[in-house]
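Have a look at the structure below before the remarks.
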Amino acid sequence: MIWQLAAQGCDVVIGCDEVGRGALAGPVMVGAAAMWSRDLAAAQVPAGVADSKLLTEHRREGIVDELRSWCAAYAVGQASNAEIDEWGISHALGIAALRALNGMLSGKPVKVGAILDGPNDYITKTMNTFDAPALPIPVQVSCKVKGDRHCATVSCAAVIAKVTRDHLMVDIAQGNPRYAPYGWAHNKGYGSAAHRDAIARLGVTPLHRVTWHLT
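Residues 385 to 599 (my numbering) make up the sequence shown, in order.
Below, the structure is given as structure tokens:
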């Protein structure tokens, strides 16, 4: 698909993927990784690039710096647990994606195409809606099921977003003893047995998605 967008005249192609959709606590994040179409023919995909879910944590940590250097630009946007509770997960994902794109695009007159992992284009749906950041230039979004396994820019975005969110959840868990019992340093806010047990014993925290089924 990246070659198709380049053939359609896109000067820049951006891969996008989310992480944290199914977590019980913490933000959802969307990573974005860009490549210039003019560089595609000569681009050497870093070894081991794959869907972040298929890589071990150790492997993701080992390649993330290389991926950050490989792409022309990258960004990670997020929507907080409070925003997820207020807006719902789909709109929150769109806001997070637009925050990522807004952080990496300039007002230069280029044509931009984006490949979004999965079947649902939550980015276009969220454009020009409430609380959505305005993009400096238009972005043409295409969806690709399992794009994180077939497109290097999407895989790159997935790994960068996953590592970024993992680090945040570890920092939160280690930085405040209130959060230590929930095991976020290990489960990253997802619904492990230990996490759910801590919710049942101690209740929710300000970082939990309270509109979700937490017990």
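The beta-carbon is built from N, C-alpha and C at its ideal position, and this holds for glycine as well. Being a predicted model, the structure only gives us computed values, none of them experimental.
Can you name the residues that DSSP bridges to Trp420?
-> Val396
Minimum C-alpha distance to Asn560 - residue among Met413, Pro590 and Asp469 | Pro590
Would you call His442 buried or exposed, if buried means 16 or more other Cβ atoms sit within 10 Å of its Cβ?
-> exposed
Could you check what DSSP says for Tyr458 in three-state terms: helix, strand or coil?
-> strand
Are the Cβ atoms of Cys400 and Ala466 separated by less than 9 Å?
-> no
Kindly list the residues whose CB is nearer than 6 Å to the CB of His579, restricted to its own chain and excluding five residues on each side of it in sequence; keep chain order.
-> Tyr566, Gly567 and Asn571
Beta carbon of Ile473 nearer than 9 Å to that of Val412 = yes
Own chain, CB closer than 6 Å to Trp454, minus 5 neighbours either side, in chain order = Pro430
Contact set for Gln341: own chain, Cβ-Cβ below 6 Å, skip 5 residues either direction | In the structure displayed, the chain extends from 385 to 599; residue 341 sits before or after that span and is not available.
Quick one: complete beta strand (DSSP E) runs, 3+ long, within the region 492-568?
-> 496-501 and 523-528
Would the region 507-520 and the region 389-397 be scored as touching if the rule is three or more Cβ pairs under 8 Å?
-> no
Do you know offhand how far Gln558's Cα is from Val588's?
-> 18 Å
Simplified DSSP assignment, three categories, for His570 = helix
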